[in-house]
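From first to last, the protein sequence lines stand for chains A and B. So that you can map any letter, position 71 of the first sequence is 71 in the UniProt record's numbering, and since no number is skipped, the others follow by simple counting. So that you can map any letter, position 110 of the second sequence is 110 in the UniProt record's numbering, and since no number is skipped, the others follow by simple counting.
2 protein chains.
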Amino acid sequence: MDEKTRPGPKRSLSADQIVDAALALFDGEAPSIRGVAARLGVRPNTLYTYLPDRAAMERALVDRFLAMADPDLLTGRRSWRRRVEDYACALRGVLLSHRGAAALLHTAPMDGPTSALVGERLLAIFVGAGLTPTHAARSTYAVIVHVLGSATLTAADLNGYTEQDIVTARLSVTIDPNILPLTAQTWPVVATWNTEEQFRWSLRTLLNGCAETA
Amino acid sequence: MDEKTRPGPKRSLSADQIVDAALALFDGEAPSIRGVAARLGVRPNTLYTYLPDRAAMERALVDRFLAMADPDLLTGRRSWRRRVEDYACALRGVLLSHRGAAALLHTAPMDGPTSALVGERLLAIFVGAGLTPTHAARSTYAVIVHVLGSATLTAADLNGYTEQDIVTARLSVTIDPNILPLTAQTWPVVATWNTEEQFRWSLRTLLNGCAETA
DNA sequence: GGACAACATTGCACACCGTACAGAGATAGG
DNA sequence: CCTATCTCTGTACGGTGTGCAATGTTGTCC
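Below, the structure is given as structure tokens:
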């Protein structure tokens with residue numbers, strides 16, 4: 001088990017370094033094995049000494065992202081709604097600042113230590129809010145779904161542009177009120193679907209529904 | 001504009017045929033251009049006569065999936081909650097029966113005619129439920145996020161197994177109550193996160209929150 | 001009817017991708 | 001020193017999306 005006691009040449013890398021490089025190269029989607037290897041000045045095959053396959057790299061990246069949004073935001077003396085909202089927005093920010101990260105979260109299983117921690121804290125929050133353990137578990141999943149789903153949709157739509165760009169671009173589209181009357185009527189709001197404002201609104205609405213079950 | 005009036009050989013295919021083939025080959029993820037071409041007995045480049053690129057094929061697939069869940073479920077005399085729930089469950093079913101479809105929905109922009117129709121009908125439902133147009137638009141997006149997010153997470157977890165398989169597999173895992181007390185306590189519920197029951201619960205909870213804003 | 005322009009389709013090629021496999025060199029314990 | 005073990009590389013295979021020039025078919029106009 002001791003790392004020092006095994007024969008063979010010293011390792012020139014570590015799994016962490018690989019994830020670091022992958023994170024640095026992350027742009028729209030998880031970088032290729034070959035790209036990461038190139039940045040590390042190494043042949044692609046070398047990475048297979050540290051990772052079984054590309055999926056492992058993606059899983060490691062997922063855990064990184066979850067940790068980058070500070071899970072401590074889920075604790076503290078603020079109201080429980082506030083704590084959920086703060087962490088949710090932080091996570092959304094991380095996922096949007098790394099395009100494609102959200103899609104990764106949806107693809108790679110979230111079985112890392114950070115996701116367990118986040119789940120536990122969300123459960124604690126809902127129990128503390130007066131929900132039964134069952135409803136707390138249900139609510140926890142509902143919140144996770146909302147955050148990941150929303151971030152993924154927004155990330156796909158943003159595509160590197162700013163929130164404002166998207167809104168104004170959408171506003172410049174005109175909808176035929178004869179075909180889609182309500183869409184046309186509510187277009188100014190629909191145009192803001194991928195904004196933080198909408199994100200907070202739907203999260204709060206969801207939390208209201210959860211609170212009702214207490 | 002007349003299709004008949006242009007020179008050159010007759011087209012041997014149509015965009016629809018391509019999407020048909022892609023749908024037939026769909027398994028876990030959208031098939032490759034080369035695979036679809038092979039099934040149609042044609043060289044890969046031929047497809048580029050009908051589609052600008054692979055992304056277009058994916059967008060067309062997305063619209064197909066949305067249409068496969070019957071959007072007419074959104075209309076009728078049933079209660080508005082019921083209509084939303086029915087279509088949502090139908091869409092969930094379609095997305096789960098085609099692994100990887102949900103991820104596609106999240107990646108490819110939903111700008112097809114069916115998504116417009118679904119959006120319009122959801123708006124109508126919420127307006128009919130007494131919400132202001134603004135809140136209706138917000139609620140519509142919240143519902144879309146929930147359905148797609150939930151389906152994507154579940155599809156990734158299901159991975160070809162049945163709902164029951166996943167639940168029992170999860171139940172057989174034991175969580176250390178010293179590290180994650182609430183997770184351990186609520187594990188029987190957490191194990192059912194990827195079931196239709198959880199899906200309906202969170203959707204109803206979300207709809208309750210939406211109804212509150214009326 | 002013949003010329004011409006527009007078009008669908010193909011063959012070939014390029015630049016990627018993940019990764020399997022065998023071998024070369026380095027390093028530890030015996 | 002010997003040998004087992006480990007890292008890293010060279011090479012290769014089968015796959016991907018798609019750009020480009022050539023081929024042959026088809027319609028319209030003179």
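Built from N, CA and C at the ideal position, the CB exists for glycine as well.
Contact with chain A by residue 58 of chain B, beta-carbon distance below 8 Å: Taking the first residue of the second sequence as position 1, residue 58 of chain B is located at position 58. No, residue 58 of chain B lies away from the interface with chain A (no Cβ there is under 8 Å from its Cβ).
Boundaries (first-last residue) of the alpha helix (DSSP H) holding residue 209 of chain B: To locate residue 209 of chain B, count along the second sequence from 1; it is residue 209. DSSP places residue 209 of chain B in the uninterrupted alpha helix (DSSP H) bounded by 196-212.
Where residue 171 of chain B falls, given that 16 or more other Cβ within 10 Å makes a residue buried: Walking along the second sequence from the start, residue 171 of chain B turns up at place 171. Flag for residue 171 of chain B reads exposed.
Burial state of residue 87 of chain B (16 or more Cβ within 10 Å): The residue you call residue 87 of chain B lines up with position 87 of the second sequence. When all chains shown are included, residue 87 of chain B counts as buried.
Beta-carbon separation (whole angstroms), residue 206 of chain A vs residue 146 of chain A, contact threshold 8 Å: In the first sequence, the residue the question calls residue 206 of chain A occupies position 206. In the first sequence, the residue the question calls residue 146 of chain A occupies position 146. That belief holds up - the Cβ atoms of residue 206 of chain A and residue 146 of chain A are roughly 6 Å apart, short of 8 Å.
Within-8 Å CB hit, residue 180 of chain B to chain A: Counting from one through the second sequence, the residue named residue 180 of chain B turns up at place 180. So, interface residue.
Whole-Å CB distance - residue 202 of chain B paired with residue 200 of chain A, under 8 Å assumed: Here residue 202 of chain B refers to the residue found at position 202 of the second sequence. Here residue 200 of chain A refers to the residue found at position 200 of the first sequence. That pair is no contact at about 18 Å.
Which listed residue (A:113, A:50 and A:120) has its alpha carbon closest to that of residue 10 of chain A: Here residue 10 of chain A refers to the residue found at position 10 when the first sequence is read from its first residue. Ranking the options by Cα distance to residue 10 of chain A, first place goes to A:50.
Whole-number beta carbon distance between residue 153 of chain B and residue 194 of chain B, since they are thought to touch under 8 Å: Along the second sequence, read from residue 1 onward, the residue named residue 194 of chain B stands at position 194. Along the second sequence, read from residue 1 onward, the residue named residue 153 of chain B stands at position 153. Residue 194 of chain B to residue 153 of chain B, Cβ: 7 Å. Contact.
Cβ of residue 148 of chain B within 8 Å of any chain A Cβ: In the second sequence, residue 148 of chain B corresponds to position 148, counting from 1. It does: the Cβ of residue 148 of chain B has a partner Cβ on chain A nearer than 8 Å.
Outcome for residue 161 of chain B when other beta-carbon atoms lying within 10 angstroms are tallied against a minimum of 16: The residue labelled residue 161 of chain B in the question sits at position 161 within the second sequence. It is exposed - the Cβ of residue 161 of chain B has fewer than 16 other Cβ atoms within 10 Å.
Interface flag, residue 1 of chain A vs chain B, CB-CB below 8 Å: The residue labelled residue 1 of chain A in the question sits at position 1 within the first sequence. Note that residue 1 of chain A has pLDDT 43, beneath the 50 cutoff, so the model's placement of it is unreliable and no number is given.
Rounded Cβ spacing between residue 19 of chain A and residue 73 of chain A (contact assumed at less than 8 Å): Reading the first sequence from its first residue, position 19 is the one you call residue 19 of chain A. Reading the first sequence from its first residue, position 73 is the one you call residue 73 of chain A. Contact doesn't hold; Cβ gap of about 23 Å is too wide.
C-beta neighbour in chain A for residue 133 of chain B, strict 8 Å: Indexing the second sequence from 1 puts residue 133 of chain B at position 133. With 8 Å as the cut-off, residue 133 of chain B counts as an interface residue toward chain A.
Residues that residue 209 of chain B contacts on chain A, provided the C-beta gap is smaller than 9 Å: For the purposes of this step, residue 209 of chain B is identified with residue 209 of the second sequence, where counting begins at 1. What residue 209 of chain B touches in chain A: 202, 204, 205, 206, 207, 208, 209, 210, 211 and 212.
Which listed residue (B:28, B:63 and B:164) has its alpha carbon closest to that of residue 224 of chain B: Residue 224 of chain B lies beyond the residue range present for chain B, which begins at 1 and ends at 214; the question has no answer from this structure.
Residue 198 of chain A to residue 143 of chain B span [Cα, whole Å]: On the first sequence, position 198 is the one that residue 198 of chain A refers to. On the second sequence, position 143 is the one that residue 143 of chain B refers to. Answer to the nearest angstrom: the Cα atoms are 12 Å apart.
CB contact below 8 Å: residue 106 of chain A versus chain B: Within the first sequence, the letter at position 106 stands for residue 106 of chain A. Residue 106 of chain A counts as touching chain B.
CB contact below 8 Å: residue 109 of chain A versus chain B: Reading the first sequence from its first residue, position 109 is the one you call residue 109 of chain A. Taking Cβ atoms only, chain B reaches closer than 8 Å to residue 109 of chain A, which makes this a yes.
Residue 198 of chain B at chain A interface by Cβ criterion, 8 Å: As a first step, residue 198 of chain B must be located in the second sequence, where it is residue number 198. Look at residue 198 of chain B: its C-beta is under 8 Å from a C-beta on chain A.
Same chain only: Cβ atoms within 8 Å of residue 176 of chain B, ignoring 5 sequence neighbours per side: As a working mapping, residue 176 of chain B is identified with position 176 in the second sequence. These residues qualify, in order along the chain: 184.
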